Structures are given as C-alpha cells and as structure tokens.
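Working notes for the structure below.
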Amino acid sequence: MPVRRYLAKGGFSVRAFGYLKRTLGIVSFLALANCDETLTSSVVPQPRPAPAPVAANAYVPPSAASQDLARFYRRVERDLLVRGLLRIDGGGPDTPYDTEDLSRNFEAIAFYSEYPTQSVAVGSRQTDGQLSRWSGSVRIQTEFGPSVLPSARQKDTDQVRSFAARLARLTDHPISVVSRNANFHVFFAGKDDSAYVVSRLKQLIPNIGQDSLNLVANPRANIDCLVFASATTSSPHRYVRAVSLIRAELTDLGRQSCIHEEIAQGLGLSNDSPAARPSIFNDDDEFALLTSHDEKLLTMLYDPRLQPGVDVDEARPIVRIIAHELMGQPL
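Throughout, the working numbering is defined as the position within the sequence shown, counted from one, plus 833.
Pasting the structure below:
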C-alpha cells in the first residue's frame, strides 16, 4: 500500500466563558491510499444472514453528561449575549476601519500563527511569515456523530452549504459541498461520539499524534471547535486537506459561529489579532459570524496577485494596493 507524506497545519479553536483562542502549528502526518477489498463469491447455498449491524453514525440519544454540556453551552451563550457579544450584524457605524487597518489585520491574521509550535502529529516545523492557502478546489463534506439529531444534521449541512457558496463568491475560488471525494471534512460530534470521531481521524490522518487524539476523545468543556489544514511536503504553503470538529452540544448560533470561523481558518486565515474589528478573528467574542471586514480578508487571501508561500515583506505593498481597491480609496 503506497504511503504519501504530508505536512499539516493544525489549529484548535478554544472558547471558554467568552474567550476564544487558537493555537496553530506546522506538523507532519501520513496519508495512506485506499486499498481495494477482496470480494469472494460461492455457489454453495449460504445460511440466512445475521441482522445488519446498526450504522456507525445512526442516531443514538445523547447521554445525561452530553445534555449537561449542552446546558453549560446555553448558559455561556446567554451570558455573552447579555454582555452585548456574539453580534451577528457584521459590523456597523460603531466599528469603523480604514485601509491601513485592513492591511495591518490581514498581515497579522494571514501570515502568522498564534502558537506555531503546537502540533497534531510528529515533525513540527514553522512557516510563519509566509502565506498559506488552497490552490486546488475545496470540497467540503459534513459528517455527524451518532448523538446528533437527524434534524440537526440537515440544518448544519444546509448552513455549511450556504456558507461554502458565500465563500466561493468572496474568493472566486472553487469551494463546494460534496457527498464524496471530499478534501475538507467538517465533523459535528458530541461528548458521546469520541470513539466514532477518533476512528475517523485515524483514517484521515493516520499519523495523528496521541495528544491530539486525547484532545478529541476527552476534550475539555471549553473546547468547542477545532481545525487542521494540511499541505504537501513539496508545496508546504498549498493546502490539500482539512479536518474540522464542531461540538454537537453547542447551540444553533454556537455551531454556526464555529462553521464560519473554522472553515475560514481552514482556508488560510490562521491567526487572531486583538486589533481586528469588526472580526471573528479576535479573542473577545464580540462577533459570532463573519463580518464585512472578514469578507475583505478572504477576498485578499485569494487575490491572484498574492501567491502561496509569498513572504510578508514582499507581499506588503501588494496587500496595500488590494486593500485600497476593496475600500474604494485611492492610493
């Protein structure tokens, strides 16, 4: 069975009592090619087959512990909303920004990782100061743990599909939702679904580190979503695969917020900046969903004048030109 070696940029999104934080790093993993199964047949009459086993992700009602976690997330969300956070308006007159703000924030968010040594597998190395993004098409597929209600599965899939279409328009890059041959897997899974998710992650990232598996199998309550994005060894700044995990116990808004944040991060906006406003790429949880400012960041990220691997110093004058164009301001 042939083995291909990859480098992966791993990211974890951690939300705790209104505090959002990412840790990112360049890491290596093995991607194993699929092997055909051997099929056998016989003309000898066969005994009556046993009842088919329950599908791996057939619905199983959540446990009491999972329901407790869902109540915890609802309390956290109510607290944030009372404080005027988790805005969904995309920004307004109270959140002005100019060309210099946009240029500076893009540089901080697209060229750097907050914690570049955090790894999800063996072989960590750093590529801070250079742009990383997808060159080929992004094919997103949703997957669900057994504890996720069928109605929630449909709602979340619709949210991902709508957001993917929005991202495709913003970036002018092929981004779509598929049912097979995906290269960006978005998992929705609850506290009870650890075995299912760990099994699937081992399939997708065979060399994933044990610490990362432990994080997924027994995540703290303040971890609600994470993403890993990967690139090949020959082109370490061109993503070819991503995996995101979103906690099923989150509220509708919480899951939608993670969809926006983790998919955008998996496209290449891999850092936070305290100066970014209005933005979801900020630790303060002021905004729950992608803002007008963030839309411009994504458009800049996939502008053909910026190529994967470009150094921040080389890109700076180009970034400034693009920012002025998007803001409708002369140089």
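Beta carbons: idealized from backbone N, C-alpha and C, even for Gly.
All figures in this text were calculated on a predicted structure; none of them were measured in a lab.
Taken in chain order, the complete alpha helix (DSSP H) segments of 4 residues or longer contained in the stretch 1069-1114 are 1085-1100. C-alpha of Val1030 to C-alpha of Gly962: approximately 33 Å in a straight line. Under a 10 Å Cβ-count criterion, Glu976 is classified as buried, with 16 or more other Cβ atoms of the shown protein chains found around its own Cβ. 9 Å or more divides the Cβ of Ala941 from the Cβ of Ser1125.
Close CB contacts of Leu1083 within its chain, under the 6 Å cut and outside five residues either way in sequence, are with Tyr906, Asp1057 (chain order).
Pro1007 has its alpha-carbon roughly 13 Å from the corresponding atom of Thr1132.
Between the stretch 993-1006 and the stretch 1091-1101, the count of Cβ pairs shorter than 8 Å is three or higher; the stretches touch. A residue is called buried when at least 16 other Cβ atoms come within 10 angstroms of its Cβ; Val915 does not meet this threshold and is exposed. By the beta-carbon neighbour count (other beta carbons within 10 angstroms, threshold 16), Arg966 is buried. In the three-state DSSP reduction, Gln987 falls in the helix class (H, G or I). Take the alpha-carbon of Leu982 and the one of Arg1013: they are about 22 Å apart.
With fewer than 16 other beta carbons inside 10 angstroms of its own, Ile921 counts as exposed. The DSSP-derived three-state label of Ala1121 is coil.
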